[in-house]
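Working notes, beginning with the structure itself.
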Amino acid sequence: MGITIKKKSLYALNLILLLLLVACQQSSENLNFKGDSENWSAKLNVVKTDNDKETKKFELQFKGKDYKSVENLEFKINAPNYAWGMSLIELNSTGVYKTHKNETGEFSTSKTDVIDIEVKWNGEVENFSLNNKE
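Numbers -27 to -1, 1 to 107, taken from mature numbering (1 follows the signal peptide of the UniProt record, and there is no 0), label the letters of the sequence shown in order.
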């Protein structure tokens, strides 16, 4: 009879541990925003977790043939709940610039957001929007 009580206790303990593990798992939401203009294509990937954290990966690609001619490159991202940008950036050997940003708290991105992008280079400016591609 002692073994049965020990087995029941062990099963109960395993069940409790399993429930705790399931409850502690974080779920995430993956949002993919895309858009382009005459000379630029951009993607913004946002991974949201339950603990109010967002990881944003931004990719900006020059659509022209001579990416080496691009100088004084800068971009600005304007979303409903945040804005950020960078200046004096350089494209890689395939004409792409990539960056990522980790944020916590009120900087929340919604799947219905429209993200406005401004790109400046060589004295030129182009504005376009990114939309979520579900």
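Yeah, the Cβ is synthetic: ideal placement off N, Cα and C, and Gly gets one too.
- The Cβ atoms of W94 and N45 sit closer than 8 Å to each other.
- In the displayed model, L(-18) falls within a helix according to three-state DSSP.
- Ranked by how close their Cα comes to the Cα of G68, the residues K7, A15 and N3 have A15 in first place.
- Minimum Cα-Cα distance from P53 among the listed residues L103, Y70, E99 and Y40 corresponds to L103.
- According to DSSP, I(-12) shares a beta bridge with no other residue.
- Here S1 carries a strand assignment [DSSP, helix/strand/coil].
- Taking all protein chains shown into account, L4 has 16 or more neighbouring C-beta atoms within 10 Å of its C-beta and is therefore buried.
- In chain order, E91 place their CB closer than 6 Å to the CB of N100, counting only its own chain and leaving out the 5 sequence neighbours on each side.
- Secondary structure within the segment 39 to 99: the beta strand (DSSP E) runs of 3 or more consecutive residues, fully enclosed, are 46 to 52, 55 to 62, 69 to 77 and 87 to 94 (chain order).
- Taking C-alpha positions only, D23 is separated from F31 by approximately 21 Å.
- As a beta-bridge residue in DSSP terms, D9 pairs with S14.
- About 4 Å separates the beta carbons of N51 and D89, which is inside the 8 Å limit, making them a contact pair.
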